[in-house]
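*Asks:*
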Amino acid sequence: HQIADLIKEKAKNNEQAVIGLATGSTPTQIYDELVRLHREEGLSFQNVTTFNLDEYFPMDPDSIHSYVYFMKEYLFDHIDIKPENVHIPDGTLSRDE
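Residue numbers for the sequence shown follow the working numbering, beginning at 2 and rising by one.
#1: Please give me, in chain order, every unbroken run of the beta strand (DSSP E) with length at least 3 that falls completely inside the segment 11-65.
#2: Can you grab the Cα-Cα spacing for the pair Leu-76 / Gln-30, in whole Å?
#3: Given this structure, state the Cα-to-Cα distance separating Thr-24 from Tyr-68, to the nearest angstrom.
#4: Please go through the same chain and pick out, in chain order, the residues whose beta-carbon is closer than 6 Å to the beta-carbon of Gln-3, but skip the five residues on each side of it.
#5: Report all residues from its chain with a CB closer than 7 Å to the CB of Ile-89; omit the five preceding and five following residues, and keep chain order.
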């Protein structure tokens, strides 16, 4: 529960918890536990800012193959994180951007 403890400690001090996130099968158990802690123990993500490592290119964020979709399915749609605090690389940018 180190991640949850960090979030709680930062919230207690009125600070943002900044967390890097990955996709794939490895972190899904962690995401399941964070969702459980939110639902059952009231862990709030209001003070959390996240950064994901990567995104496919080109990729529409609504595609079932996108990391945006993955993160919503496994974590973001189940917690109270502010959408403006979620940062995932934009897979729709042109190559020039």
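Every residue gets a Cβ at the ideal spot worked out from N, C-alpha and C, and that includes glycine.
Source: prediction; values computed, not measured.
*Replies:* The answer reads as follows:
#1: Listed in chain order, they are 18-22 and 49-53.
#2: 11 Å
#3: 7 Å
#4: none
#5: Asn-53, Glu-56, Tyr-68, Val-69 and Met-72
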